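A short write-up of the structure that comes next.
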Amino acid sequence: MIEIMRDEDLPRARAAGALVGAILEAMRERTVVGTNLLEIDEWTKEMMLGAGGESCYVDYAPSFGNGPFGHYICTAVNDAVLHGLPRDYALADGDLLTLDLALSLEGVVADAAISFVVGTNSPEKQRLIDATRDALAAGIAAVRPGGRVGDISAAIGAVLRGAGFRVNTEFGGHGVGSTMHQEPSIPNDGRAHHGPRLRVGQLIAIEPWVMVDTDELVFDPDGWTLRSATGCLTAHTEHTVAVTRDGAEIMTGAPAR
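Given below as structure tokens:
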């Protein structure tokens, strides 16, 4: 299913995106060495529900998960990159943390992710994070009405491969609207000028993610958390954007620092 937002619906999409962006920024600011992942989940719950938002994750139970997810935000540390199930873990100095958040506000879903280092950073970790940010910027720049999904995928893949990384296409971006996962699927690599056409009013979540030395994933015993098969570091950056007559409008805030 692909939903098309009318012009009068876009303020609700902007509000949902602004809330996602505000929560992620607040979590970044509050997270320090020693912060527990379960604290981040609880803080997210308080902010989300306090603003009238509804979680897309708590009751989420897809075929690949050991569901329902039961938490409000995904917290992935170091070699974990997707669907990180919050657990009783106190963050250590130098941990690379990814926070992924989807919520619904007034019937519209927004979805975004940020990766950052807690405490002491390193050039290797920052390079990894920057690659996903640059790929996201390239993907967003490829969005235009009448363009193809493959244009976005090709732009993302060119940046990630150009930085020396392998690209996994099992999990990627997707449409959003009144629900979290809609068509079209937006892989993180592909062929330009191929795939479904983009239409004014579509909301799409674009989410480059990468692993240092592999493109293979493994599941944790929790049935949710996806990690690099080699135990290498990972990063993930995501925005929800609207396809507009002029290109793309970012719904979920300014690009991550």
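Under UniProt numbering, the first residue of the sequence shown is numbered 1, with each subsequent residue one higher. Quick reminder that beta carbons are idealized off the backbone N, C-alpha and C, glycines included. No experiment lies behind these values; they were computed from the predicted model shown.
Could you say which of the options lies nearest to residue i if we only look at CA atoms?
| i | options | result |
| --- | --- | --- |
| residue 230 | 223, 236, 216 | 216 |
| residue 118 | 108, 16, 96, 127 | 96 |
| residue 61 | 235, 200, 251, 223 | 223 |
| residue 1 | 155, 53, 177 | 177 |
| residue 47 | 3, 202, 18, 131 | 18 |
| residue 192 | 155, 159, 171 | 155 |
| residue 90 | 66, 40, 125, 13 | 40 |
Output needed for residue i: all residues of its chain with C-beta closer than 7 Å, excluding positions within five of it in sequence on either side, in chain order.
| i | result |
| --- | --- |
| residue 24 | 99, 101, 112, 114 |
| residue 169 | 187, 188, 189 |
| residue 15 | 105, 106 |
| residue 249 | 241, 242 |
| residue 161 | 167 |
Run the CB neighbour count on residue i, radius 10 Å, all protein chains shown included, and call it buried at 16 or more, exposed below.
| i | result |
| --- | --- |
| residue 146 | exposed |
| residue 75 | buried |
| residue 32 | exposed |
| residue 164 | exposed |
| residue 64 | exposed |
| residue 257 | Low local confidence applies: a pLDDT of 45 at residue 257 is under 50, so the model's placement there is unreliable, with the coordinate-based value given in what follows. With fewer than 16 other Cβ atoms within 10 Å, it is exposed. |
Express the C-alpha separation of residue j and residue i in angstroms, rounding to a whole number.
| i | j | result |
| --- | --- | --- |
| residue 9 | residue 181 | 19 Å |
| residue 59 | residue 108 | 17 Å |
| residue 70 | residue 87 | 11 Å |
| residue 140 | residue 152 | 7 Å |
| residue 259 | residue 26 | It is not possible to answer for residue 259, since the shown part of the chain is limited to 1 through 257. |
| residue 116 | residue 54 | 25 Å |
| residue 200 | residue 57 | 28 Å |
| residue 123 | residue 210 | 16 Å |
| residue 171 | residue 203 | 18 Å |
| residue 175 | residue 149 | 11 Å |
| residue 66 | residue 103 | 20 Å |
| residue 7 | residue 208 | 28 Å |
| residue 135 | residue 173 | 12 Å |
Taking the beta strand (DSSP E) that residue i falls in, what are its first and last residues?
| i | result |
| --- | --- |
| residue 183 | 182 to 186 |
Which residues in the same chain have their Cβ closer than 6 Å to the Cβ of residue i, if we skip the five residues on either side of it in sequence?
| i | result |
| --- | --- |
| residue 218 | 227, 229 |
| residue 45 | 72 |
| residue 85 | 222, 224, 225 |
| residue 80 | 225, 227 |
First and last residue of the alpha helix (DSSP H) that includes residue i?
| i | result |
| --- | --- |
| residue 132 | 123 to 141 |
| residue 241 | No alpha helix (DSSP H) contains residue 241, which is instead part of the beta strand (DSSP E) from 239 to 244. |
| residue 151 | 149 to 162 |
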